Structure formats: structure tokens, C-alpha cells
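K.L.:
From first to last, the protein sequence lines are chains A and B. Mapping of the first sequence onto my numbering: residues 358 to 822, in sequence order. Mapping of the second sequence onto my numbering: residues 3 to 197, in sequence order. Here a beta-carbon is modelled for each residue, glycine too, at the ideal position from N, C-alpha and C. Since this is a predicted model, take the numbers as computed values, not measurements. Sharing a structure below in C-alpha cells format, with a few things to ask.
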Amino acid sequence: MGKTLAEKVWESHIVHQAEGEPDLLFIDLHLVHEVTSPQAFDGLRAAGRKVRRPDLTVLTEDHNVPTIDIDKPIADLVSRAQVDALRDNAKEFGLKIFSLGDIDQGIVHVVGPQLGLSQPGMTIVCGDSHTSTHGAFGALAFGIGTSEVEHVLATQTLPLKPFKTMAITVNGKLPEGSTAKDIILAVIAKISTGGGQGYVLEYRGEAIRALSMEGRMTICNMSIEAGARAGMIAPDETTFAYLKDRQHAPQGKDWDEAVAYWKTLKTDEDTKFDAEVIIDANTLSPFVTWGTNPGQGVSINDNVPDPTSFSNENERTAAQKALEYMDLKAGMKMRDIKVDTVFLGSCTNGRIEDLRAAAAILKGKKVASTVRMMVVPGSAKVAIQAEQEGLPAIFKAAGADWRSAGCSMCLGMNPDKLTPGERSASTSNRNFEGRQGPGGRTHLVSPLVAAATAITGHLSTPDEV
Amino acid sequence: MEKFISHTGSVLPLRRSNVDTDQIIPAEYLKRITRHGFEDALFQAWRKDPDFILNKPEYKDATILVTGPEFGTGSSREHAVWSLMDYGFKVVLSSRFADIFRGNSGKAGLVTAEVAQDVIEKLWALSEKDPNLQVTVDLDKREVQAGDLVAPFQIDDYVRWRLMEGLDDIGLTLRHESKITEFEKTRAAYKPVTL
Chain A
358 MGKTLAEKVW ESHIVHQAEG EPDLLFIDLH LVHEVTSPQA FDGLRAAGRK VRRPDLTVLT
418 EDHNVPTIDI DKPIADLVSR AQVDALRDNA KEFGLKIFSL GDIDQGIVHV VGPQLGLSQP
478 GMTIVCGDSH TSTHGAFGAL AFGIGTSEVE HVLATQTLPL KPFKTMAITV NGKLPEGSTA
538 KDIILAVIAK ISTGGGQGYV LEYRGEAIRA LSMEGRMTIC NMSIEAGARA GMIAPDETTF
598 AYLKDRQHAP QGKDWDEAVA YWKTLKTDED TKFDAEVIID ANTLSPFVTW GTNPGQGVSI
658 NDNVPDPTSF SNENERTAAQ KALEYMDLKA GMKMRDIKVD TVFLGSCTNG RIEDLRAAAA
718 ILKGKKVAST VRMMVVPGSA KVAIQAEQEG LPAIFKAAGA DWRSAGCSMC LGMNPDKLTP
778 GERSASTSNR NFEGRQGPGG RTHLVSPLVA AATAITGHLS TPDEV
Chain B
3 MEKFISHTGS VLPLRRSNVD TDQIIPAEYL KRITRHGFED ALFQAWRKDP DFILNKPEYK
63 DATILVTGPE FGTGSSREHA VWSLMDYGFK VVLSSRFADI FRGNSGKAGL VTAEVAQDVI
123 EKLWALSEKD PNLQVTVDLD KREVQAGDLV APFQIDDYVR WRLMEGLDDI GLTLRHESKI
183 TEFEKTRAAY KPVTL
């Protein structure tokens, strides 16, 4: 029997294997940010250890940095201390860092791909669950905790138990107005927040092949919301075209050698996955969430579900609690939900293509007077490219707020937050209680739905505006 | 890491499923750069409600958290584990844990024992009736015991061994350092470096 893509990448990184022990895997790239690393560096210091491979490590400031006044010292003193700790650790251990104001600063999962550091067949880790993003390149990429961050810093390896494999086959062609975000929200609604637990997901099928790298990153990014630590897409011509000539992509003869290898990185035809899920893209309408976990989503054309309609008691209770928290009534139309805030950004949907798609809808239109819209590019380079294309002018003319790069309102660690009771349509990845600010209520949406919603003030699709 | 063989204590019954790590500890508390002192942050939003179970004096000494399925989903923040441990929890019992949370727990020394949902329901009912109910979680026997109730639990063999021995992962890996060095020599030249 053949091998899956995930198995191929796994096996090519085994440093040590023994019965009854986890496999020890070599890590090709370690991305680090300010929030999950300070205790790991402290651990190294306490044990008198060094960073084994500074040349396979890169640091960026993203989670708690402000998105305005970035030329001034960070006003929040606790945030400032944490960013300072990252800078001090970079200096002490001799590591590359992209600080606020640097052209390469931005959200860690936007920065890696745009520099060409995320490549097919690599193992990539970061103390952040959305590391699954880099799987869009055919890399095995997953989030780790702070103890593991310390482990990778010290040894450039991780002891891991093999994953099971699940194929997510998306057949057909996405209709106009539906996007990669809608595919992944539909996948999570189908398999639930625990469905992918213990698996690496491999997204395949016609609709996946047709996606740009940005779209593929959006999908792999949210694998973790289905419980899977990693999601992958086999590299193809789209992947190679994206990587060609990027700063850290192989050059000349190395490029040819790399591409020849990358072309072998696909699941063999006679391979059986441990599980398979099939989605039909042809009939997929934009998806939005109604509840407080990413699996609680429906088509925007549907109604808020009735909790009593769930057969499973846990789901029923969870739905009831979610509707109370979200202040929604069962049976109301999703499209009738009014929002106060629209957030466009994050490692899920803060790339240039996302900003272009939203700008195309907002061009010449106005954000509703009842709505504030915040646009936060995923990286400083995305911001620069957007400037070159005239996108900020479109957002500003529409009445939206154009910010500097960072994680921003996705997780409310910086000043960009929802206030208690405030409701958002957000292109980010989590609608957990209080995720975007204590008491805030989040509906996850695609960039197209975000833009249309900003104009009408209620959950909407672009054909309405 | 301290060795863990068996623990006996009282239970906090948390009747919730899908408890994500944002609920265990909100992002605001992740700005701290220390590894301890997160007990005040545990379930911070829910704790504002005086009726929340953690606020009930009869449960204040609980050391075993018994919760619904999909515990620890979402963000990879190990702070979630630290806040549970700092508060005094030694064990979490659930019918399903999120992968990253379970991994982080094993590294930090918090026992995550997977038991069947009907056992969870029984423990909820028993501990709601008697907040002083003493429950024993025996890692050696892989067993949860509360009065007449005896139930097996699942935990990864290797994690169990490490917890029982109180071993540090980095130290274990460094026994294979020469193999790491050998592997590094075979890494393809076209693979990227950051410096």
C-alpha cells in the first residue's frame, strides 16, 4: 500500500524511533512570537542551554502589538514588557527577529509564507495553534505549547506520536460568492470541533486544486478548529509559482532539485486514509457561525437553529448556552442579525487577496452608520502591497479604519477589542466566548460577507449591495 | 517534574462541553512572562458569576476537575495548564481532550485521564450530591475510584511512564544527541535557513 503525504513528510524527519517511545522528529523551521516563548527562554537559561539551531528559528512580534502609533513605545506596559522580553531573548540567543516597524514584521503565519520560508515537505512548528496554516504548502506544520517551544529551541526536535490521516475531499466548483473560508466553516460544521482530533487532515479534490495559495492557507489555518493539529495540501504548480523567487526560496540548481522533490510529495494513489469526508463545493453557500465554537455554523441562508433539534445532549446544552451568550433566538434568520463591528484581518483572512476581495465590494460604497469596520493587514508587507494597489484609500473612503499589522481583534490581546455585548462579523477563526474582548459576540465570516455586512449592517452577501 | 503515582482528592464538577482554552484563561493574562501565579486567571470570565461552581465554598479544595467532552480546544496556550495547576488541580477527567492541551498537560505534569462519558456523568452526580466525595486517580492501575465506582481510564503509555518517573523531556531527548547531529548532516542544502 502507498503512503499519504503526511506519512511521507513524517518519515523523512525521523531522527530516532524505538518501540514504546514516541518518534523523535527533526524540525525544519521554528517560528516564535512574544506570547508563548518567554517562559521557554527562561527554561533554557535556568538549565544553561543554548538555542541549538538559531539558523532554523525566527521571531516576530504579533499577538499583543498595537495597530496604531507603532512608531511610539507600546502604551500598555505589560505588553511592552513582553515584547521587550522577546527582543532581549533574540539578542541573548543570537536569533533573527522582526520587530514592530520592520518591513518583515507581521502575524507569524503570514510572515513565514511571504518570505518563502514555508516550503513543501518541511516540518514547521510554532507556539501557536494556527501553525497548521503552513500545511497549505505541503509541509507538516502544527502548533505546540511552551514546554515544546523550549524543547525545540534546545534540541531542534520533538518527540511525537504518529497521527492518523483523514482525507477531506472537496469536489466540484465553488459558486460565485463562496470562498475558501466557507469550505472550512462547512467542514468544521460537518465534523465538529473534535472530529479531526488525532488526525492530520489532507484537503484534496477539484475545489481545493482551484484555490490560490491564500485560499489554501485559509483552509489549513482552521484545521485546528476541527480538532486536527495539522492540515495539508499536496504542492502543485500553484505552490511552486507562489514560492518562485521569494527571498528564502531555493535558487538556480537548488530550485530544480527542490521542485523535483516537491513533486513527489503527494499521497500515493493506492493509499487508504484512516477516515474520509466528502464535501460538495457546487452547492456551498457562504457559511457563518451562530454560536460560541467554530463548529456551530450554518449557511447564511439558514435560520438560527433550535437547540432542541440536536439529538446529542451535550450539543443541545452547548447550543442553549451559546444562544444565551450570543443573545439570539432560535428560528430567526441569520441574515437578520445586526452587527456593531466588522473585523477584516487575522492569520486566517489578513492576506492581500482577502483585502482585495473586500475592497472590490466596498469600492464607492459606505460602511453603515451603525457599524465600525477595522481593517488590519496580516503583515507590514501586505500593508505596503495594499498601499501600492490603492486599497487603503478605498477602505478609508468607505469609512473603515485602516490599521498596522498584527493579530489585533482576532484575540483581543492588544487594545483592539469588542466591548461587552458588542457583536462582530469577523474574518478571524474563533467565536469563543469573550475571544475578541470580554462579553463580545463573534460571528465568523468570509471577507466577502464581512464587506457586504459592513455596508448593510446585518449579515449579508455581496449580491445584496 | 514531581512524580505522580496516585492522587486522592475532591472533585469540581464542571457541566460544560467544548471548554476552550480562551475560557480556561483569557488572552489578557498571557502577557505575563512568568510561569507561575496564574491561579487568579482560571475561568476568569465565568468566575464573575457568583453562582459559578468554582466560587462555591464547598468546592474550594477540589483537586480533580471533571468536565465534558472536547476539553481544552482552541489556542495552544500552555498557560491554560499552568492556571489549572496553580489553582491546585492535579487531574482533569474528561471523555475527550483536545490534542495540544493534552500534550501540554503531559509536559507540565497535569494528569489528563480519559474516561467514558457515563463515568463523567456519574462523577458529576455523585460530587454534586456530596462535594466532599473523595476520588482516587491511580496512574499505576489506570483507574478512577470513588466509593463503589471503579472505572478504567485511558492515557498514553509513554506519557504515563514519564509522569510516574517525573522525567524531563529535554533530558530524555538529549540522550539521542548524536543521532540529531547525524540527521542534521543529511538535511537538503536547498532547505531554507533564517540567518
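Does chain B have any CB closer than 9 angstroms to the CB of A:GLN471?
P.N.:
no
K.L.:
Can you name the residues of chain B whose CB is closer than 7 angstroms to the CB of A:ASN671?
P.N.:
SER19, GLY70 and PRO71
K.L.:
Which two residues bound the contiguous beta strand (DSSP E) that contains A:MET730?
P.N.:
729-732
K.L.:
Could you tell me the alpha carbon to alpha carbon distance between A:LYS407 and B:LEU197, rounded to whole angstroms?
P.N.:
16 angstroms
K.L.:
Looking at B:ILE66 and B:VAL33, is the spacing between their C-beta atoms short of 9 angstroms?
P.N.:
According to the sequence as given, residue 33 of chain B is Lys; it is not Val. With a cutoff of 9 angstroms on beta-carbon distance, B:LYS33 and B:ILE66 are scored as not near each other.
K.L.:
Leaving out five residues before and five after A:ILE545 in sequence, what residues of the same chain have Cβ atoms less than 6 angstroms from its Cβ?
P.N.:
GLU582, ALA583, PRO651 and GLY652
K.L.:
Which of the three DSSP states, helix, strand or coil, is assigned to B:PRO154?
P.N.:
strand
K.L.:
Do A:ILE464 and A:ALA762 come within 9 angstroms of each other at the CB atom, strictly closer than that value?
P.N.:
yes
K.L.:
Pull up the distance between the alpha-carbon of B:ASP142 and that of B:GLU116, whole angstroms please.
P.N.:
Taking the straight line from one Cα to the other gives about 15 angstroms.
K.L.:
Just tell me which of A:THR575, A:LEU816 and A:ALA755 has its CA closest to the CA of A:LYS690.
P.N.:
A:LEU816
K.L.:
Keeping to the same chain, check which residues put their C-beta closer than 7 angstroms to that of A:GLY529; ignore five residues upstream and five downstream.
P.N.:
Cβ within range, chain order: GLU563, ALA564, ASP637, ALA638 and ASN639.
K.L.:
Look at A:PRO819 and A:LEU641 and say whether their C-beta atoms are less than 9 angstroms apart.
P.N.:
no
K.L.:
Might you give, ordered along the chain, the residues of its own chain that have their beta carbon closer than 8 angstroms to the beta carbon of A:GLU779, omitting 5 neighbours on each side?
P.N.:
ASP697, THR698, GLY794, GLY796, GLY797 and ARG798
K.L.:
What residues of chain B sit near A:GLN439, judged by a beta carbon separation below 9 angstroms?
P.N.:
LEU32, LYS33, ARG34 and ILE35
K.L.:
Just by C-beta distance, which residues in the segment 94-105 of chain B are closer than 7 angstroms to chain A?
P.N.:
ARG98, ALA100, ASP101, ILE102 and GLY105
K.L.:
List, in order along the chain, the chain A residues whose C-beta lies closer than 7 angstroms to that of B:VAL195?
P.N.:
ASP412 and LEU413
K.L.:
Which of helix, strand or coil does DSSP assign to A:TRP759?
P.N.:
strand
K.L.:
Taking 8 angstroms as the cut-off, does the segment 126-138 of chain B touch the segment 102-110 of chain B (at least 3 CB pairs, one atom from each stretch)?
P.N.:
no
K.L.:
Assuming A:VAL732 contacts A:ASP693 under a Cβ cut-off of 8 angstroms, what Cβ separation, rounded to an integer in Å, is found between them?
P.N.:
No, A:VAL732 and A:ASP693 are not in contact; Cβ-Cβ is about 25 angstroms, not under 8 angstroms.
K.L.:
Within the chosen definition, does the segment 488-495 of chain A reach the segment 570-580 of chain A through at least 3 CB pairs nearer than 8 angstroms?
P.N.:
yes
K.L.:
From this set, B:THR23, B:TRP84, B:ARG164 and B:LYS5, which residue's C-alpha is nearest B:PHE73's C-alpha?
P.N.:
B:THR23
K.L.:
Entirely within the segment 747-792 of chain A and at least 4 residues each: give me those alpha helix (DSSP H) ranges in chain order.
P.N.:
748-755
K.L.:
Whole-angstrom Cβ separation of B:PHE155 and B:GLU145, contact assumed at under 8 angstroms?
P.N.:
Right, the Cβ-Cβ distance comes to about 7 angstroms (below 8 angstroms), so this counts as a contact.
K.L.:
Which residues does DSSP pair with A:PHE383 in a beta bridge?
P.N.:
A:THR514
K.L.:
Output yes or no for whether 9 angstroms exceeds the beta carbon distance between B:VAL121 and B:VAL94.
P.N.:
no
K.L.:
In chain order, what residues of the same chain lie with their CB nearer than 6 angstroms to the CB of B:TRP48, ignoring the 5 residues before and after it?
P.N.:
PHE54
K.L.:
Less than 9 angstroms between the beta carbons of A:MET589 and A:TRP647, yes or no?
P.N.:
Cβ atoms of A:MET589 and A:TRP647: not closer than 9 angstroms.
K.L.:
For my contact list, A:ASN823 and A:PRO423 are in at a C-beta cut-off of 8 angstroms; report their separation, rounded to the angstrom.
P.N.:
No information on residue 823 of chain A is available, as it lies outside the stretch 358 to 822 that chain A covers here.
K.L.:
For the segment 427-457 of chain A, enumerate the residues whose C-beta is nearer than 7 angstroms to any C-beta of chain B, in chain order.
P.N.:
VAL435, SER436, ALA438, GLN439, ALA442 and LYS453
K.L.:
Leaving out the 5 sequence neighbours to the left and right, which residues in its chain are closer than 6 angstroms to A:VAL822 when beta-carbon positions are compared?
P.N.:
ALA809 and ILE812
K.L.:
What would DSSP say about A:LYS690, mapped onto helix, strand or coil?
P.N.:
strand
K.L.:
Could you tell me whether the Cβ atoms of A:LEU443 and A:LEU416 are closer together than 9 angstroms?
P.N.:
Yes, the Cβ-Cβ distance between A:LEU443 and A:LEU416 is below 9 angstroms.
K.L.:
Taking only beta-carbon positions, decide if B:TYR61 is within less than 9 angstroms of chain A.
P.N.:
no
K.L.:
Span of the alpha helix (DSSP H) holding A:ILE565?
P.N.:
563-566
K.L.:
With a Cβ-Cβ cutoff of 9 angstroms, do B:GLU80 and A:GLY502 count as a contact?
P.N.:
A:GLY502 sits close to B:GLU80, with the two beta carbons spaced by under 9 angstroms.
K.L.:
Would you mind working out which of A:CYS767, A:LEU768 and A:VAL372 sits nearest A:LEU517, comparing C-alpha positions?
P.N.:
A:VAL372
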